[in-house]
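In terms of this note's numbering, the sequence shown has 135 at position 135, counting the first letter as 1, and numbering is strictly consecutive. For glycine and all other residues, C-beta sits at the position ideal for the given N, C-alpha and C.
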Amino acid sequence: MNFPKRENFRPTEKPLIIVGSKNPVKIACTEIAFAETFNRNYLVNGISAASQVPDQPHGDKETYLGAKNRVMNAKRTFPEADYWVGIEGGVADDDNGMYAFAWIYIEDKAGKHGKAKTGTFYLPQAVADLVHAGLELGKADDQFFSQHNSKQQGGSVGILTKGVLTRQSYYSQAIILALIPFINKEIY
Numbered sequence: 001m002n003f004p005k006r007e008n009f010r011p012t013e014k015p016l017i018i019v020g021s022k023n024p025v026k027i028a029c030t031e032i033a034f035a036e037t038f039n040r041n042y043l044v045n046g047i048s049a050a051s052q053v054p055d056q057p058h059g060d061k062e063t064y065l066g067a068k069n070r071v072m073n074a075k076r077t078f079p080e081a082d083y084w085v086g087i088e089g090g091v092a093d094d095d096n097g098m099y100a101f102a103w104i105y106i107e108d109k110a111g112k113h114g115k116a117k118t119g120t121f122y123l124p125q126a127v128a129d130l131v132h133a134g135l136e137l138g139k140a141d142d143q144f145f146s147q148h149n150s151k152q153q154g155g156s157v158g159i160l161t162k163g164v165l166t167r168q169s170y171y172s173q174a175i176i177l178a179l180i181p182f183i184n185k186e187i188y
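(1) Reducing DSSP to helix, strand and coil, say where Val53 ends up.
(2) Within a Cβ cutoff of 7 Å, which residues of the same chain sit near Thr30, ignoring the five residues on either side of it in sequence?
(3) Taking the alpha carbon of Ala33 as the point to measure from, which residue in Tyr188, Gln168, Val127 and Asp108 has its own alpha carbon closest?
(4) With DSSP run on the structure shown, which of helix, strand or coil describes Val91?
(5) Do His58 and Ala102 have their beta-carbon atoms positioned less than 9 Å apart in this structure?
(6) Just to confirm before moving on: does the CB-CB distance between Ala178 and Tyr105 stay below 9 Å?
(7) With respect to the alpha helix (DSSP H) encompassing His132, which residues constitute its N-terminal and C-terminal limits?
(8) Where does the unbroken beta strand (DSSP E) through Val44 begin, and where does it stop?
(9) Are the segment 178–188 and the segment 107–117 touching, with three or more C-beta to C-beta distances below 8 Å?
(10) Using a Cβ distance threshold of 8 Å, determine whether the segment 72–81 contacts the segment 46–58, with at least three qualifying pairs required.
(11) With burial defined as no fewer than 16 other Cβ atoms inside 10 Å of the residue's Cβ, what is the status of Arg70: buried or exposed?
(12) Can you determine whether any heavy atom of the ligand MG sits closer than 8 Å to the C-beta of Leu179, and answer yes or no?
(13) How many Å lie between Asp95 and His132 at the Cα?
(14) Assign Gly155 to one of two classes, buried (16 or more other C-beta atoms within 10 Å of its C-beta) or exposed (fewer than that).
(15) Within this structure, are the beta carbons of Asp82 and Lys112 separated by less than 9 Å?
(16) Of all the alpha helix (DSSP H) runs that stay within the bounds of the segment 144–170, which reach a length of 4 or more residues?
(17) Identify whether Phe182 lies in helix, strand or coil by the three-state DSSP scheme.
(18) Only counting the same chain, and skipping five residues up and downstream in sequence, which positions put a Cβ closer than 7 Å to that of Gln56?
(19) In terms of residue numbering, what span does the alpha helix (DSSP H) encompassing Ala35 cover?
In structure tokens:
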């Protein structure tokens, strides 16, 4: 989708959502999740918004901060929106190995915010080794699974579930969960 030009910007019947990424998967899952949640259409666009965390965030704190920073930077860049969405994928290690997840952070023009985390899944040791060696998870997946630009397609979750879950469906559920405060304004 193309942005409305600032000089031509006019409020439309469709609320505007800005995703802090140009990744087509993140844009599509945001559009689907908002449409399913509110039973209406939205104009959804993505912009490059800095996460201000490493390309491969490690741990909840860093990953959450990346999602929130994407929203804050998108909001500064395009303040005319009705909602801003940040999606940041991360990894962490525990006694069972390296696992992957993502944080979602959403804010509306009134300053209300919602957040949620996806489910987690463990990565094969060979992929974890590549990430530990300094590769971002998408690049590690591409190298190990002989893929190209997998993070803008099914991602790790799509590769490992053989398409049963896609990155889009995986993120969509968490976006819906992050919208809970907007669905239940009277108690949040």
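Reading from the atomic positions:
(1) In the structure shown, Val53 sits in coil (DSSP, three-state: anything other than H, G, I, E or B).
(2) Cβ neighbours of Thr30 beyond the five flanking positions: Ile17, Val19, Val44, Val85 and Ile175.
(3) Selected option, being the one with the closest Cα: Gln168.
(4) In the three-state DSSP reduction, Val91 falls in the strand class (E or B).
(5) The Cβ atoms of Ala102 and His58 do not sit closer than 9 Å to each other.
(6) Cβ distance < 9 Å, so Ala178 and Tyr105 count as in contact.
(7) Gln125 to His132 is the extent of the alpha helix (DSSP H) around His132.
(8) Residues Leu43 to Gly46.
(9) Flag = yes, the segment 178–188 and the segment 107–117 touch.
(10) Short answer: they touch.
(11) Here Arg70 is buried: its Cβ has 16 or more other Cβ atoms, across all protein chains shown, within 10 Å.
(12) The model on display carries no ligand, and the ligand MG is accordingly not part of it.
(13) Near 15 Å, if we compare the C-alpha coordinates of His132 and Asp95.
(14) Looking at its Cβ environment, which holds 16 or more other Cβ atoms inside 10 Å, Gly155 is buried.
(15) No, the Cβ-Cβ distance between Asp82 and Lys112 is not below 9 Å.
(16) Counting only unbroken stretches of 4 or more residues, the alpha helix (DSSP H) elements lying wholly within the segment 144–170 are 155–160, in sequence order.
(17) Three-state result, Phe182: helix.
(18) The beta carbon of Gln56 sits closer than 7 Å to the beta carbons of Val91, Val131, Glu136 and Leu137 from its chain, once the five residues preceding and following it are set aside; these are given in chain order.
(19) Following the DSSP letters along the chain, one finds Ala35 inside the alpha helix (DSSP H) bounded by residues Pro24 to Phe38.
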